[in-house]
Every structure is written in C-alpha cells, then in structure tokens.
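Numbering (the working numbering), first residue to last: -5 to 115.
The structure appears right after this line, and notes come after that.
Listed below in structure tokens is the structure:
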C-alpha cells in the first residue's frame, strides 16, 4: 500500500467531524453502518473513527440516495464495483503470467519489446 493510500485509510475522524464534512446526521451515518455500506473502525472507547475513504464512500452514498437509489441498489453497485476490481486484478495477474510464459518460450524479448522487430514500410 502506498503512503497516500495508507493516509487515506487511516481511521482518525470522529463522527462529529464526519457529520460536518458530509452534512449527514449521526443517525444516517449509523444507519449506513448498520446496513453494511460503511465500515468505520472503533477506538479503544468503542467510538466510531472514520477515514478519508469512509468519507468519500458516505458522500457517494448521499449522491446515490439523492438520485433515488435505495439501500439494496447501493449495495448492489458497491458489490459490482468490488467484483470489477477483483476481475481487473485477475486480468493483470493473467497478463503477467502470459508475459512470463512468452519470455520463457523466447517469443518476447527481456526489454518488453518484440523479440523480432517489425520493419515498417
């Protein structure tokens, strides 16, 4: 995880700050948590702590609600996004495997260029 991603995922913001940043009520935020749309961390005193990523997600939920989507629709959108991300990671991994196989069979040069350059006329 990059330093930027690490900073964005650090849960340090209490619910009061999140309320001000998102214009959502504490009840709305808790409701989204109860419905497994957002997953804040907990402090030692069991208080909710949110990350910048959580705030982005809450703002996205707010936008979806404004568009008329219900909780089930929002969950479905988040699940689709999660599956697409998994698939794209899998595609990247497959490309890496294929590249390694091509390198082993000698069809690809080590410098990522073609093993046999093509002359353009």
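From the three backbone atoms N, C-alpha and C, an ideal C-beta is built for every residue, glycine too.
All of these numbers come straight from a predicted model, not from anything done at the bench.
Kindly identify the DSSP beta-bridge partner or partners of residue i.
i	result
residue 7	44
Whose CA, out of the options, lies closest to the CA of residue i?
i	options	result
residue 32	94, 92, 39, 69	69
residue 38	11, 29, 5, 62	5
residue 49	100, 17, 91, 95	17
residue 11	-2, 41, 95, 100	41
residue 8	2, 36, 98, 92	36
residue 28	66, 78, 94	66
residue 3	96, 51, 98	51
residue 71	1, 30, -2, 97	30
Looking at the secondary structure, which residues open and close the alpha helix (DSSP H) in which residue i lies?
i	result
residue 30	Careful: residue 30 lies outside any alpha helix (DSSP H) and carries neither H nor E.
Open item on the list: Quick check on the DSSP output: what are the complete alpha helix (DSSP H) runs of length 4 or more inside the segment 32 to 97, in order along the chain?
Closed with: The qualifying runs are 46 to 60.
Open item on the list: If contact is defined by three or more beta carbon pairs under 8 Å, each pair taking one atom from either stretch, is the segment 54 to 71 in contact with the segment 16 to 29?
Closed with: Flag = yes, the segment 16 to 29 and the segment 54 to 71 touch.
Task: contact_flag[the segment 78 to 91, the segment 41 to 48] where n(CB pairs < 8 Å) is 3 or more - done: Under the three-pair Cβ rule at 8 Å, the segment 78 to 91 does not count as touching the segment 41 to 48.
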